[in-house]
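Have a look at the structure below, then the notes.
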Amino acid sequence: MARKREILRHRELLILNAPAEEDGEDMLYLLAAHSDTASEAEYHVFLETALSLLTPKQRTVIIATVIQGVPEHVLAEQLGITQQAVHRLKSRALKRLRACLIAEHAPS
113 MARKREILRH RELLILNAPA EEDGEDMLYL LAAHSDTASE AEYHVFLETA
163 LSLLTPKQRT VIIATVIQGV PEHVLAEQLG ITQQAVHRLK SRALKRLRAC
213 LIAEHAPS
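Numbering (my numbering), first residue to last: 113 to 220.
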């Protein structure tokens, strides 16, 4: 998933590096200047809230593997546990996050 996201981000950067106007300013810089900081802040609050539902070990595993893209076997080595233990922690954490999202968006 992290690899796909990185490939997509790279493609977007290539597309956005094309000149936007006659003055030659890149679209990338124009878009960055008009970024929506309110939605970024909302996203960070949502992410912090979701991560607070996890155990400390689950939070560590999710941040490292999903957000930072660290391979499970590398994280296992760093934490001094097996790759299978990292995988189980990740699976349980994702299941908990999924259940939370479904409950949050379920009709009342």
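Backbone N, C-alpha and C define an ideal beta-carbon position, used for all residues, glycine too. A quick note: this is a predicted structure, and the numbers were derived from the prediction, not measured.
Through-space distance from residue j to residue i, alpha-carbon basis
| i | j | result |
| --- | --- | --- |
| L163 | E189 | 23 Å |
| A211 | V186 | 28 Å |
| I179 | P219 | 29 Å |
| L209 | L165 | 8 Å |
| Q196 | E184 | 8 Å |
| L159 | S203 | 18 Å |
| A215 | I175 | 22 Å |
| T161 | H217 | 15 Å |
| L140 | E154 | Since pLDDT at L140 reaches only 47, below the 50 mark, its modelled position is unreliable, and the value read off the structure follows with that caveat. Cα to Cα, L140 sits roughly 23 Å from E154. |
| V157 | L213 | 14 Å |
| H199 | T177 | 10 Å |
| I193 | R115 | 24 Å |
| L142 | T149 | Legend: pLDDT at L142 = 45, less than 50; position of this residue unreliable, value from coordinates given subsequently. Cα to Cα, the separation comes out at about 15 Å. |
| K207 | T167 | 13 Å |
Presumed contact (8 Å Cβ cut-off) between residue i and residue j, rounded CB distance
| i | j | result |
| --- | --- | --- |
| V173 | A205 | 6 Å |
| L191 | Q170 | About 12 Å separates the two Cβ atoms, so there is no contact after all. |
**Item:** Runs of alpha helix (DSSP H) lying entirely within the stretch 164-210, each at least 4 residues, in chain order
**Value:** Segments of the alpha helix (DSSP H) lying fully in the stretch 164-210: 168-174, 184-191.
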